[in-house]
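For the sequence shown, our numbering begins at 1 and goes up steadily by one.
The beta-carbon is built from N, C-alpha and C at its ideal position, and this holds for glycine as well.
Just so we're clear, the structure is a prediction, and the values are computed from it rather than from any experiment.
Notes follow the structure.
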Amino acid sequence: GDTCVVALTLHVDNFGEGDRDPKFAELVTAPGVAAVLLERDAAAARCSLDHARAHGDWGHTPDAHAAAKDACRPDAATRDYERRVAARFRFAREALDRAGRPRLELPFDAYVADVANASARILAAAGLALPPEPWRRTCAEPWCANASWPACDRCLGG
């Protein structure tokens, strides 16, 4: 096809210059960008990141996230992280509103509860469909070669 997709996962501690970075606003409001705000409880997100850094486990499946959550013991630094996450999401919403750009709001818990349905919503919001078989559950990059991809045949109305 003629569509190129670049999906970015942005954590507050690995992108931009603070909570109100104008380059971040420019990115999320750019023409052709389909903004999906997949917001996770900030304390759980921090625990997951800490677990991933400590164990080298960057699992991107609901099971992997559950395991990290179960091992989590938030500390005092979590409050600052929660504040920064809330500020970044607030800034993204404000920038999208000012630019008159649409967005899909999808809570992380709703995503992991029904990955297939959430994936269908994300694709629809971006005006996309699943790739054809046999590419649906394929990843050519080393970081996701062992990831499990959702069975989402119903995303295409099948």
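Distance CB(residue i)-CB(residue j) smaller than 8 Å
i   : j    : result
A95 : A34  : no
L37 : L106 : yes
E82 : A43  : yes
R98 : D19  : no
Closest Cα partner of residue i within the set the options
i    : options                 : result
R73  : G56, A92, A45 and A99   : A45
R103 : I122, D75 and V115      : I122
A7   : P22, V28 and D21        : V28
E39  : A124, A87, E133 and W58 : A87
P31  : D75, W58 and R101       : R101
Own chain partners of residue i with C-beta closer than 8 Å, once the 5 adjacent residues on each side are dropped
i   : result
A41 : Just to set this straight, residue 41 is Asp in the shown sequence, not Ala. Cβ within range, chain order: F108 and D109.
E26 : none
Within the region 23-56, ranges of the beta strand (DSSP E) (whole runs, at least 3 residues): Taking only runs of at least 3 residues, the beta strand (DSSP E) segments lying wholly in the region 23-56 are 35-39.
Segment contact, 8 Å Cβ cut-off, at least three pairs: the region 106-118 with the region 47-56: As far as the Cβ criterion goes, the region 106-118 does not touch the region 47-56, which means the pair count is below three.
Those runs of the alpha helix (DSSP H) which lie wholly inside the region 97-124 and span at least 4 residues: Taking only runs of at least 4 residues, the alpha helix (DSSP H) segments lying wholly in the region 97-124 are 108-113.
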